[in-house]
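Step one of this worksheet: look at the structure below.
Numbering (our numbering), first residue to last: 36 to 108.
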C-alpha cells in the first residue's frame, strides 16, 4: 500500500511517499513539484519490513509531515 505524506510547515514544501511490496519497501522524497529521489530496502520478512516502515512514518510525523490522500480521476 502506498502512503503519501507532505510537510508544508514554515518554509518546507516536501513530500515523502512509501510503499511496501512484500519484503521490500520503496521510499520516494523531495520538494513538491520535483521528481524527487528514490530508495529501496529489502528485509527477510514482510513483518520486519512493516515494522521499519512504521518507524520511519513516526519519524516523519514528528518532523511535521501529515499523511494525505491522493485523489485521481
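Each residue gets a CB set at the ideal place from its N, CA and C atoms; glycine is no exception.
query	result
Please work out which residues of its chain come closer than 6 Å, Cβ to Cβ, to residue 71, disregarding the five sequence neighbours upstream and downstream, and give them in chain order.	63, 64, 65
Just to confirm the assignment, what range does the beta strand (DSSP E) spanning residue 41 have?	37-42
Please return the same chain residues whose Cβ sits closer than 7 Å to the Cβ of residue 88, not counting the five positions on each side in sequence.	53, 55, 60
Going by the beta-carbon positions, is the gap between residue 105 and residue 40 smaller than 8 Å?	no
In the DSSP assignment, find the alpha helix (DSSP H) that holds residue 95 and state where it starts and stops.	81-97
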